[in-house]
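Numbering-wise, the sequence shown is residues 3 to 141 according to the working numbering. All C-beta atoms, glycine included, are put in the ideal place defined by N, C-alpha and C. Step one of this worksheet: look at the structure below.
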Amino acid sequence: MNKILIIIFIVAINSIVLSQSAKIKVKVVNLNDRKGNVSIGLFNNGEGFPKKDSGKIGVEIPIVKSEVEFTFENLTNGTYAVAVYHDENKNGKLDRSFLGWPIEDYVFSNYAEGNFGPPSFEDACFELKDFLEIILEFK
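And the structure:
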């Protein structure tokens, strides 16, 4: 009986560890302007998408060459979306014109676009199973 409990315990622990070993590599390519940072937000639901502070995880990466990449690790398999913008002046936000239109470059996973605003989480989301590499380019 004890051997069975030990085996069940080991299988359960392995399942927990393996379920949190998924990764998403986000690569932003063909950066023409090497000023500022690239901000990448990873979201696991539509709540607050795509606002910077609402993401599951957010990173700011200084631009030093024509592409940047970041790997989000220790994730669980599931549904995610990515929002990326070029923070040219390093002020920590997507700058907008007086009309409210973005004046800094941005892109979403699936190259999702919204009508008069950001796309929905459903349009930008994708399924993660173990590992996924996403390559994005500002338009």
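In the same chain as Asp107, and ignoring 5 residues on each side of it, the C-beta atoms closer than 6 Å to its own belong to His88 and Phe140, in chain order.
Relative to the Cα of Lys67, the nearest Cα in the group Phe74, Leu33, Gly119 and Val86 belongs to Leu33. Secondary structure remark: continuous beta strand (DSSP E) runs of at least 3 residues inside the segment 52–101, in chain order: 59–64, 70–77 and 80–89.
In this structure, DSSP gives Glu129 an extended state, which the three-state scheme calls strand.
When secondary structure is reduced to three states using DSSP, Phe118 falls in the coil class, being assigned neither helix nor strand. Contact between the segment 37–47 and the segment 71–83 is present, with at least three C-beta pairs closer than 8 Å.
Around the C-beta of Val86, 16 or more other C-beta atoms lie within 10 Å, and the residue is accordingly described as buried. The alpha-carbon of Trp103 is positioned some 35 Å away from that of Lys131. In its chain, beyond the 5 residues on either side, Asn112 and Ala114 have a beta carbon closer than 7 Å to the beta carbon of Asp125.
In the three-state scheme derived from DSSP, where H, G and I count as helix and E and B as strand, Ser41 is classed as strand. With fewer than 16 other Cβ atoms from the protein chains shown falling within 10 Å of its own Cβ, Ser99 counts as exposed. Only exposed fits Phe128, as fewer than 16 other CB atoms lie within 10 angstroms of its CB.
Distance between Gly60 and Ser41, taken at the CA atoms: about 7 Å.
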